[in-house]
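Here is the structure we will look at, set down as structure tokens.
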Amino acid sequence: MGLAAGLLVAAVTLALPAVLDDSALAVYILLGLAAMVTVGVSLLMGYAGQVSLGQGAFYAIGAYTAALLALNGAPPLLGLVAAPVAAALSALLIGVPLLRLRGHHLAFATLAMQLILLSLAGQLDFTGGDIGLQGIPQFSVGAFEASSASVYAYLTWAGLALVMLITHNVITSRPGRALRALATSEIAAASAGIPVGRYKLVVFALSATFAGLAGGIYCFYTGYVAPGSFPVLISIQYIVMAVVGGLGTIWGAVAGAAAITLLVQGLDRLASLPGMPSYAPSVLSYAVYALVLIVVVLFMPHGLVPAVSRRLSRRRAEVPYR
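Position in the sequence shown counted from 1, then plus 9, gives you the working numbering.
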């Protein structure tokens with residue numbers, strides 16, 4: 010993205026919280042949190058070639074870590090810093106055995122990890138059981154307290170900007186070039202002397218770090234976390250967002266998160282219409298996710314952002330010089 014386009018996006022991002030109402034702000038915040046996690050998923054799938062169906066678990070670890078610290082008297086800022094650290098350490102611990110698996114075996118293993126984590130959170134006393142943790146204090150730094158949704162919107166999108174900056178620095182660095190080789194062929198990368206296992210583990214932990222940061226912000230924004238806040242569907246949602254936007258692209262992750270978040274909000278409103286059954290939201294979500302994936306794979310196999318970028322490049326190439 011060019012400098013002018015980047016400045017325009019930054020200006021719109023800063024202006025929106027001031028003009029959106031509370032319901033629209035809630036969507037805006039959830040969109041930013043989803044984009045934060047999706048950037049990590051896109052990095053994991055697009056560069057390390059790993060499919061994780063358990064990214065919601067690291068989102069939950071971040072949320073529970075920040076919530077438990079804040080409820081036990083720790084400064085909220087410490088809780089927010091600890092959230093991504095806890096998620097990263099968990100990923101390093103879990104990743105050592107899990108990343109020996111590949112393809113659908115890894116996907117199902119990470120899915121099982123999330124199910125186990127949610128089951129434990131629903132049974133342990135210190136996590137609040139099925140009821141969860143309530144009364145989480147507002148995020149604050151010194152005397153400043155985030156008492157409005159607009160403050161959380163700025164906090165969320167500042168976090169997203171940090172995640173995007175870190176990802177950009179990673180993929181443009183020397184390790185990033187090694188990751189591209191890893192995504193192309195793991196065997197070729199290993200034969201070239203690239204420490205494949207170490208790189209895969211680092212990317213796995215980095216993607217978990219992003220999810221943990223999003224979870225930390227989420228817990229302070231909602232003031233409540235429970236196992237039901239992190240359903241398995243949310244991990245599937247992040248993968249759909251990454252694929253729709255374009256794997257391995259930073260702006261693709263943001264575009265995919267925006268498209269799917271707005272689509273989900275529309276489906277929720279449709280499902281809440283009189284006469285719709287209680288199971289309508291989940292059924293509609295699964296059906297539409299499948300339909301969106303089919304359309305993207307058939308007509309834009311590399312995702313929205315790469316498809317649009319190629320089309321714009323082609324048009325610029327067709328413009329005659331004067």
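We put the CB at the ideal spot given by N, CA and C, even for glycine. Owing to the predicted nature of the structure, the values given are computational and were not obtained by experimental measurement.
Requested in this report: Please list, in chain order, all residues of the same chain as Thr22 whose beta carbon is under 7 angstroms from its beta carbon, the five residues on each side excluded.
Outcome: Trp166
**Report entry** Residue environment, Ser49, which counts as buried when at least 16 other CB atoms sit within 10 Å
**Finding:** Note that residue 49 is Gly in the sequence shown here, rather than Ser. Answer is buried; the Cβ neighbour count reaches 16.
Requested in this report: Using beta-carbon positions only, say whether Gly224 and Ala72 come within less than 8 angstroms of one another.
Outcome: yes
Query raised in the report: What alpha helix (DSSP H) runs, 4 residues minimum, are completely inside the stretch 75 to 152?
Result: 85 to 107, 112 to 132
Requested in this report: In the DSSP assignment, find the alpha helix (DSSP H) that holds Val253 and state where it starts and stops.
Outcome: 241 to 254
**Report entry** Assigned exposure category for Phe334 - 16 Cβ within 10 Å defines buried
**Finding:** This structure cannot settle anything about residue 334, because the visible part of the chain is limited to 10 through 331.
Query raised in the report: So the alpha helix (DSSP H) His177 belongs to, where does it begin and stop?
Result: 158 to 180
Query raised in the report: Who pairs with Val234 in a beta bridge, going by DSSP?
Result: Leu142
Query raised in the report: Are Gly58 and Ala75 close, meaning C-beta to C-beta below 8 angstroms?
Result: no
Query raised in the report: Does the count of Cβ pairs from the stretch 249 to 264 and the stretch 38 to 48 closer than 8 angstroms reach three?
Result: yes
**Report entry** the stretch 183 to 193 touching the stretch 77 to 84, judged by at least three CB pairs closer than 8 angstroms
**Finding:** no
Query raised in the report: What residue from Tyr37, Leu279, Ala251 has the CA that sits closest to Tyr161's CA?
Result: Tyr37
Requested in this report: Following the continuous alpha helix (DSSP H) through Pro310, name the residue where it begins and the one where it ends.
Outcome: Note, Pro310: premise wrong, no alpha helix (DSSP H); not H, not E.
Report task. Check each candidate in Ile175, Ala158, Val172 and name the one with the smallest Cα separation from Leu34. Result -> Ala158
Query - Exposure of Gly254, with buried meaning 16 or more beta-carbon neighbours within 10 Å - result: buried
Query raised in the report: How many angstroms separate the CA atom of Gly63 from the CA atom of Glu154?
Result: 32 angstroms
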